[in-house]
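Just so we're aligned, residue 1 is where the sequence shown starts under full-length UniProt numbering, counting upward by one.
Take a look at the structure set out below.
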Amino acid sequence: MGTLSMGGSIDTSNEMDIIEQQRLAALIEITEQHNREVSQLKSRLETAEKKAEKSAAQLKNMENELKDLRASNPDRMKKQIKRLQEQNRTLTGENSGLKSKQKQLTQQLNTATQELEQLKSEEAEAETEKA
1 MGTLSMGGSI DTSNEMDIIE QQRLAALIEI TEQHNREVSQ LKSRLETAEK KAEKSAAQLK
61 NMENELKDLR ASNPDRMKKQ IKRLQEQNRT LTGENSGLKS KQKQLTQQLN TATQELEQLK
121 SEEAEAETEK A
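Here it is as structure tokens:
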């Protein structure tokens, strides 16, 4: 839809500029949102990795404790072994869950990164077309 200018021709340039500016503003907003989402996903991934490392360290400590117990007290050792085995099973389950969560977060991060790159590419194209 154009408006008639003084010369009688239809002037769509201003309307097209406004539409293009709105489109670019929307792309910028989407890009900023994706940047925030990527930051959140990175943070969640780091947290999951730290928990996995902590669980692995706890497991190693328990294994060392078990070795010490075997060497020092055979009677108490049996009860302690059962307790440590249960903790080991629990930590192994948690570790597996954290690894799954880490994999999921990595996939989400990769997807968000790809979307961000695509939006940046579209934004660059839009700016090139505008120029």
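From the three backbone atoms N, C-alpha and C, an ideal C-beta is built for every residue, glycine too.
- DSSP, reduced to helix, strand and coil, places T12 outside both helices and strands of the structure shown, so it counts as coil.
- In this structure the region 64–79 does not touch the region 90–109; the number of beta carbon pairs closer than 8 angstroms is below three.
- Secondary structure of N110 (DSSP, three-state): helix.
- DSSP places N88 in the helix class (H, G or I) of the three-state scheme.
- Here DSSP, grouped into helix, strand and coil, assigns N73 to coil.
- Residue environment for A48: buried (at least 16 other C-beta atoms within 10 angstroms of its C-beta).
- Judged by beta-carbon spacing, H34 lies within the 8 angstroms limit of L119, meaning their Cβ atoms are closer than that value.
- Taking 8 angstroms as the cut-off, the Cβ atoms of L116 and N88 do not count as close.
- If the five residues before and after R23 are omitted, its C-beta is found closer than 7 angstroms to the C-beta atoms of A126, all from its own chain and listed in chain order.
- For the options E20, T111, L27, the alpha carbon positioned closest to that of E122 is the one of L27.
- Its Cα nearest to that of T128, the residue E20 stands out among S13, E20, N14, T12.
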